[in-house]
């Protein structure tokens, strides 16, 4: 099944919001790969043997920074223990850049209120969505390696820009119904003139 990543989980390996891949298997829950606060791994040379072994075991675990790291860690554990999580397994995904990763639950925390102490709103989910299709609004903020954009129902000038700018490279972009959209008056006048000059083969009136 094709999926898309909904958050950054490993920027150095290119596993970021918008990364696409395919679920290749499911693996049983393993607490060793759950997200953990970064301060557990402070690079100290004073770690004893058990701690060093734990660091090796947990290389695949996401390291969480920030003031809410402990809360995020506990919320993921709560997610695992939920009665709704009956299958007790994580999806293993082969991403299009070649990386293979077990994607575990991710907790996002928002601070509510104008003054401290803030109220905290936490949401925990497996940060994957089916990647067959999504709306332009849903794709906003993502960078996609391969995308087909259908502009037949775009109703604002800015939507076309948002949709086309999701693609990382021109080679990874295919556009459907561009001429149809522009001929129906849904295209910015300046953009339409640019397209006429740049792509005279398009039937744009």
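Numbering (our numbering), first residue to last: -14 to 190. Cβ atoms here follow ideal geometry from the backbone N, Cα and C, with glycine treated the same way.
> Does DSSP classify residue 1 as helix, strand or coil?
Replying inline: One-based indexing of the chain shown puts residue 1 at position 16. Looking at residue 1 - three-state DSSP - the assignment turns out to be coil, as it is neither helix nor strand.
Own chain partners of residue 117 with C-beta closer than 8 Å, once the 5 adjacent residues on each side are dropped: Indexing the chain shown from 1 puts residue 117 at position 132. Cβ within range, chain order: -13.
Within the same chain, show all residues whose beta-carbon is closer than 6 Å to that of residue 93, passing over the 5 residues directly before and after it, in chain order. Numbered from its first residue, the chain shown carries residue 93 at position 108. 108.
Touching or not, the stretch 1 to 18 and the stretch 73 to 82, by the rule of three or more beta carbon pairs under 8 Å?
yes
- Query: Alpha carbon to alpha carbon, how far is residue 216 from residue 101?
  - Reply: With the chain covering -14 to 190 only, the question about residue 216 has no answer from this structure.
Q. Applying the criterion that 16 or more other CB atoms from any shown protein chain within 10 Å of the CB defines a buried residue, is residue 151 buried or exposed?
A. Position 166 of the chain shown, counted from the first residue, corresponds to residue 151. Counting Cβ neighbours within 10 Å, residue 151 comes out buried, since at least 16 surround it.
Contact check, residue 133 vs residue 159, beta carbons under 8 Å: For the purposes of this step, residue 133 is taken as the residue at position 148 of the chain shown. For the purposes of this step, residue 159 is taken as the residue at position 174 of the chain shown. Cβ atoms of residue 133 and residue 159: closer than 8 Å.
Span of the alpha helix (DSSP H), counted from its first residue to its last, around residue 61: Residue 61 sits at position 76 when you count from the first residue of the chain shown. Looking at the DSSP string, the run of the alpha helix (DSSP H) that includes residue 61 is 54 to 66.
Subject >> Endpoints, alpha helix (DSSP H) assigned at residue 80 >> reply: In the chain shown, residue 80 corresponds to position 95, counting from 1. No alpha helix (DSSP H) contains residue 80, which is instead part of the beta strand (DSSP E) from 74 to 80.
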